[in-house]
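**Student:** If you scroll down you'll find the structure; I have some questions about it.
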Amino acid sequence: MDKPLVVNSWNEWDPLEEIVVGIADNACYEPTEPGNRPAVRNHPDVPFPTGPKPPEAIERANEELAGLVALLESQGVTVRRPDPHDFSQPVRTPDFAVENQYCSVCPRDVMITLGNEIVEATMSRRARYFEYRPYRRLVYAYWNADPRVEWTTAPKPTMADDMYRQEFWEWPLEERHARMHSFEFCITQDEVVFDAADMSRFGRDVLVQESMTTNRAGIRWLKRHLEPRGFRVHPVHFPLDFFPSHIDCTFVPLRPGLVLTNPERPLREGEERMFLDNGWELVDAPQPTSTNEEMPRYCQSSKWLSMNVLSISPTKVICEEREKPLQELLDKLGFEVFTVPFRNVFEYGGSLHCATWDVRRRGTREDYFPHLSYEPLV
Ligand code: ABU
């Protein structure tokens, strides 16, 4: 019999066997740069802090991350952690300089498992240029342990000034509304740019959101890379999200045939067809328990972190402790719901799905969309 696969994950819900959970050690505040304008919540005129986060904030986040680790281990999941990295170091390349880096709390943004392949994303922000580094020892360990493991690093963009559209940040709301169908954000279209968290995996089919962190060249690169490997790559758009970044607070598959959707961010008309034609149900998440105004002071994500859940299997899901309305919905939908407190992690860019990178789930590549018209690139 073949040895078990070391890296194997085809979707977001198969039974989880091994996962990487982020860590807040050495985290810094995200710097202002062409691809990011962090702002203090409810106080846009107060300067956003710079440099290392205070030890208490790091401790609080690490405590919650440790709670997630304990829950996963109690469910028989092997958990790995990133290596230490000094995020306070500035980065200077021939094309840009940035005063500090960010953190390794959200491996989901950087790393993705597509079957037996690990892909490191290009990333879209300067402070995250070297964010693959805390995961390299793990990647080498997986790659050395199993010759079937493929490892791909996507082309690094320059992140030079002309990769960005700076005026994006100044557009008034009316202009954003007028432009909502052009899907032009703070990155231009010339270089290949994507964050891994703009992808969502459904076996043979992979959705990629066009966003502030993933452009059309990035989606083309993913199509060209993944189609010859038997995947179908579907660009998706959420025109009412004026600051889209990462799909996992917007469109969250929970098991075959069921996606949790964001009621304030419907799919572009026509893009829901592949789901409806194949008998999938799209169920709206309830309103989060916090409004955008009530989210933590330095958190740059939306209230929809509420729906950033992590599946342990097609019947078990982990949800943030305070999100009772979502927990009730998941319970009604037949899930066993586990909860952990995670609000102190929010200011590091994500919740339970963002703060993890699943390396192995028990399962194979399935076609969940047998009735599909798909246009390959080549
Ligand atoms: N990193 C996920 C953030 C998505 C959102 O703010 O809705």
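Using the working numbering, read the sequence shown as starting at 215 and increasing by one per residue. Cβ coordinates follow ideal geometry from the N, Cα and C atoms, glycine included.
Taking Cβ to Cβ, would you say L547 is nearer than 9 Å to V473?
**Tutor:** As a position in the sequence shown, residue 547 is number 333, starting the count at 1. As a position in the sequence shown, residue 473 is number 259, starting the count at 1. Going by C-beta atoms, L547 is not nearer than 9 Å to V473.
**Student:** Closer than 7 Å by C-beta to A359: which residues in its own chain qualify, once you throw out the five before and the five after it? Chain order, please.
**Tutor:** One-based indexing of the sequence shown puts residue 359 at position 145. For A359, where only same-chain residues beyond five positions count, the Cβ hits under 7 Å are V220.
**Student:** Cα-Cα, which of G577, R350, Y343 and H460 is closest to R322?
**Tutor:** Translated into the one-based positions of the sequence shown, residue 322 becomes position 108. R322 has its Cα closest to that of H460, out of G577, R350, Y343 and H460.
**Student:** For the ligand ABU, any of its heavy atoms closer than 8 Å to the Cβ of S516?
**Tutor:** The sequence position of residue 516 within the sequence shown is 302, counting from 1. It does: the Cβ of S516 is within 8 Å (strictly closer) of some heavy atom of the ligand ABU.
**Student:** Let me check understanding here. Comparing Cα to Cα, which of Y356, R415, P248 and K530 lies closest to G290?
**Tutor:** On the sequence shown, residue 290 is found 76 positions in, with the first residue counted as 1. Comparing Cα positions, the closest option is K530.
**Student:** In terms of residue numbering, what span does the alpha helix (DSSP H) encompassing W385 cover?
**Tutor:** Indexing the sequence shown from 1 puts residue 385 at position 171. Note, W385: premise wrong, no alpha helix (DSSP H); not H, not E.
**Student:** Would the beta-carbon of P500 fall within 9 Å of that of L540?
**Tutor:** Numbered from its first residue, the sequence shown carries residue 500 at position 286. Numbered from its first residue, the sequence shown carries residue 540 at position 326. Yes. Within cutoff.
**Student:** Which residue wins for smallest C-alpha separation from V254, given the options D239, N492, H299 and C513?
**Tutor:** Position 40 of the sequence shown, counted from the first residue, corresponds to residue 254. Of the listed residues, the one whose Cα sits closest to V254 is C513.
**Student:** According to the Cβ coordinates, are P229 and R576 closer than 9 Å?
**Tutor:** If you number the sequence shown from 1, residue 229 lands on position 15. If you number the sequence shown from 1, residue 576 lands on position 362. Against a cut-off of 9 Å, the Cβ pair of R576 and P229 comes out as a contact.
**Student:** Consult DSSP for F552 and reduce its assignment to one of helix, strand or coil.
**Tutor:** As a working note, residue 552 is residue 338 in the sequence shown. Reduced to three states, the DSSP call for F552 is strand.
**Student:** State the Cα-Cα distance for the pair A311 and N492, rounded to the nearest angstrom.
**Tutor:** For the purposes of this step, residue 311 is taken as the residue at position 97 of the sequence shown. For the purposes of this step, residue 492 is taken as the residue at position 278 of the sequence shown. Approximately 48 Å between the Cα atoms of the pair.
**Student:** Confirm, please, whether the CB-CB distance from M426 to P458 is below 9 Å.
**Tutor:** Looking up residue 458 in the sequence shown gives position 244. Looking up residue 426 in the sequence shown gives position 212. Their beta carbons are under 9 Å apart, which means P458 touches M426 by this criterion.
**Student:** Under 7 Å Cβ to Cβ from R162, same chain only, skipping five residues before and after it: list those, please.
**Tutor:** In the structure displayed, the chain extends from 215 to 592; residue 162 sits before or after that span and is not available.
**Student:** Compare the beta carbon distance of C463 and M521 with 9 Å and say whether it is the shorter of the two.
**Tutor:** Start at 1 with the first residue of the sequence shown, and residue 463 comes out as number 249. Start at 1 with the first residue of the sequence shown, and residue 521 comes out as number 307. Cβ distance < 9 Å, so C463 and M521 count as in contact.
**Student:** Enumerate in chain order the residues of its own chain whose CB-to-CB distance from C400 is below 6 Å, with the five nearest sequence positions on each side excluded.
**Tutor:** In the sequence shown, counting from the first residue as 1, residue 400 sits at position 186. Here the set comprises G249, Y378, R379, F382 and M426.
**Student:** What are the boundary residues of the alpha helix (DSSP H) that includes E287?
**Tutor:** Taking the sequence shown and counting its residues from 1, one reaches residue 287 at position 73. Note, E287: alpha helix (DSSP H), P269 to S288.
**Student:** Is any heavy atom of the ligand ABU found at a distance shorter than 8 Å from the C-beta of H299?
**Tutor:** Looking up residue 299 in the sequence shown gives position 85. No.
**Student:** Are there any heavy atoms of the ligand ABU lying less than 8 Å away from the beta-carbon of L519, as far as the coordinates show?
**Tutor:** By one-based count along the sequence shown, residue 519 stands at place 305. Yes, the beta carbon of L519 sits closer than 8 Å to at least one heavy atom of the ligand ABU.
**Student:** Can you name, in chain order, every residue of its own chain whose Cβ lies under 7 Å from the Cβ of V523, other than the five neighbours on each side?
**Tutor:** Counting from 1 along the sequence shown, the entry for residue 523 is found at position 309. Only V466, V531, I532, C533, L566 and H567 meet the Cβ criterion.
**Student:** Can we count C320 as close to the ligand ABU, meaning its CB is less than 8 Å from some heavy atom?
**Tutor:** Counting from one through the sequence shown, the residue named residue 320 turns up at place 106. Yes, the ligand ABU has a heavy atom inside 8 Å of this Cβ.
**Student:** Indicate, with yes or no, if the ligand ABU has a heavy atom lying under 8 Å from the CB of T464.
**Tutor:** Reading the sequence shown from its first residue, position 250 is the one you call residue 464. T464 Cβ: within cutoff of the ligand ABU.
**Student:** Can you name, in chain order, every residue of its own chain whose Cβ lies under 8 Å from the Cβ of T366, other than the five neighbours on each side?
**Tutor:** The sequence position of residue 366 within the sequence shown is 152, counting from 1. Only E331, I332, V333, E334 and H439 meet the Cβ criterion.
**Student:** Tell me, please, which residues DSSP counts as bridged to R574.
**Tutor:** Numbered from its first residue, the sequence shown carries residue 574 at position 360. N222 and E232, per the DSSP bridge assignment.
**Student:** With a 10 Å radius around its C-beta and 16 neighbouring C-beta atoms as the bar for buried, classify V260 as buried or exposed.
**Tutor:** Residue numbering aside, residue 260 sits at position 46 when the sequence shown is read from its first letter. Exposed is the call here.
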